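Let me begin by presenting the structure, written as C-alpha coordinates, before commenting on it.
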Amino acid sequence: MSNFVRVCSVDELTDGAGREYAVEGQMLALFRIGDEVFAMDGLCPHAGGPIGTGTLRKDVVTCPWHGWQLNVRTGQHCLSANIKANTFPVEIRDGEVFVEL
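Going by the numbering used here, the first residue of the sequence shown is number 47, and it counts up by one from there.
Here it is in C-alpha coordinates:
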(Lines of atoms letter the chains of each structure in order from A; the text may use other names.)
(Lines give C-alpha, C1' and ligand atoms only; values in the text may rest on other atoms or scores of the structure.)
Protein backbone atom coordinates (compact mmCIF):
# COMPACT_ATOMS: atom_id res chain seq x y z
CA MET A 47 0.00 0.00 0.00
CA SER A 48 1.43 3.35 -1.00
CA ASN A 49 1.83 6.15 1.50
CA PHE A 50 1.83 9.49 -0.31
CA VAL A 51 2.47 12.39 2.07
CA ARG A 52 1.90 16.07 1.29
CA VAL A 53 5.22 17.90 1.43
CA CYS A 54 4.57 21.40 0.06
CA SER A 55 2.83 23.39 -2.65
CA VAL A 56 4.44 23.54 -6.08
CA ASP A 57 4.65 27.34 -5.66
CA GLU A 58 7.12 26.88 -2.78
CA LEU A 59 9.64 25.33 -5.18
CA THR A 60 11.77 27.48 -7.47
CA ASP A 61 12.24 26.19 -11.01
CA GLY A 62 15.84 25.01 -11.42
CA ALA A 63 16.53 24.69 -7.71
CA GLY A 64 16.17 22.35 -4.76
CA ARG A 65 14.80 22.64 -1.28
CA GLU A 66 14.96 20.56 1.89
CA TYR A 67 12.00 19.24 3.84
CA ALA A 68 11.81 17.10 6.98
CA VAL A 69 8.96 14.65 6.47
CA GLU A 70 8.01 11.92 8.93
CA GLY A 71 11.49 11.84 10.45
CA GLN A 72 13.27 11.80 7.12
CA MET A 73 15.11 14.57 5.28
CA LEU A 74 13.96 14.92 1.67
CA ALA A 75 15.38 17.01 -1.15
CA LEU A 76 12.82 18.23 -3.68
CA PHE A 77 13.87 19.64 -7.04
CA ARG A 78 11.69 21.47 -9.54
CA ILE A 79 12.53 21.31 -13.23
CA GLY A 80 9.84 23.10 -15.20
CA ASP A 81 6.52 21.44 -14.41
CA GLU A 82 8.17 18.36 -12.89
CA VAL A 83 9.18 17.75 -9.28
CA PHE A 84 11.67 15.11 -8.16
CA ALA A 85 12.31 13.81 -4.65
CA MET A 86 15.38 12.09 -3.29
CA ASP A 87 17.07 11.39 0.01
CA GLY A 88 18.08 14.77 1.41
CA LEU A 89 21.42 13.49 2.70
CA CYS A 90 24.27 13.09 0.23
CA PRO A 91 25.47 9.46 0.15
CA HIS A 92 29.08 10.63 0.56
CA ALA A 93 29.08 12.35 3.92
CA GLY A 94 25.49 13.32 4.68
CA GLY A 95 25.68 16.80 3.17
CA PRO A 96 22.50 18.81 2.53
CA ILE A 97 21.97 17.79 -1.11
CA GLY A 98 18.75 19.83 -1.33
CA THR A 99 20.73 23.06 -1.00
CA GLY A 100 23.16 22.12 -3.76
CA THR A 101 23.42 23.72 -7.18
CA LEU A 102 21.09 22.26 -9.81
CA ARG A 103 22.15 22.32 -13.47
CA LYS A 104 19.67 20.64 -15.82
CA ASP A 105 18.93 17.46 -13.85
CA VAL A 106 22.21 17.15 -11.90
CA VAL A 107 22.64 18.47 -8.37
CA THR A 108 26.07 19.17 -6.89
CA CYS A 109 26.39 18.66 -3.15
CA PRO A 110 27.59 21.86 -1.46
CA TRP A 111 29.93 20.00 0.91
CA HIS A 112 32.23 17.96 -1.34
CA GLY A 113 30.97 18.38 -4.90
CA TRP A 114 29.38 14.97 -5.41
CA GLN A 115 27.00 15.07 -8.37
CA LEU A 116 23.75 13.12 -8.57
CA ASN A 117 20.99 12.95 -11.16
CA VAL A 118 17.80 14.10 -9.42
CA ARG A 119 15.60 11.98 -11.72
CA THR A 120 17.33 8.69 -10.90
CA GLY A 121 19.55 9.34 -7.86
CA GLN A 122 22.50 7.97 -9.85
CA HIS A 123 25.98 9.34 -9.08
CA CYS A 124 27.44 10.95 -12.22
CA LEU A 125 30.78 9.11 -12.11
CA SER A 126 30.16 5.79 -10.36
CA ALA A 127 27.52 3.24 -11.34
CA ASN A 128 27.86 1.76 -7.83
CA ILE A 129 26.56 4.88 -6.03
CA LYS A 130 22.91 5.83 -6.05
CA ALA A 131 20.78 7.93 -3.70
CA ASN A 132 17.24 6.84 -2.90
CA THR A 133 14.55 8.54 -4.96
CA PHE A 134 10.83 8.68 -4.26
CA PRO A 135 7.75 8.82 -6.51
CA VAL A 136 6.11 12.25 -6.68
CA GLU A 137 2.54 13.19 -7.52
CA ILE A 138 1.25 16.72 -8.02
CA ARG A 139 -2.40 17.11 -7.06
CA ASP A 140 -4.14 20.47 -7.38
CA GLY A 141 -0.85 22.35 -7.04
CA GLU A 142 0.31 20.33 -4.02
CA VAL A 143 3.36 18.03 -3.99
CA PHE A 144 2.93 14.52 -2.54
CA VAL A 145 5.85 12.12 -2.08
CA GLU A 146 5.53 8.37 -1.61
CA LEU A 147 7.53 7.26 1.42
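Heads up, the beta-carbon is just placed ideally off N, CA and C, and yes, glycines get one too. Given the structure is predicted, the values throughout are model-derived calculations rather than measurements.
Here G98 really is in contact with R65; their C-beta atoms are around 6 Å apart, less than 8 Å. Spatial neighbours of H92 in its own chain (CB-CB distance under 6 Å, excluding positions within 5 residues in sequence) are listed in chain order as H112, W114. Residue state for T99 is assigned as helix, using DSSP reduced to three classes. The three-state secondary structure of V143, taken from DSSP, is strand. Contact between F134 and V118 fails: their C-beta atoms lie close to 11 Å from each other, not under 8 Å.
Rounded to whole angstroms, the Cβ separation of D61 and G80 is 6 Å, and the two are in contact under 8 Å. Under the three-state reduction of DSSP, V56 is assigned to helix. Among the bridge pairs identified by DSSP, E137 is matched with F144.
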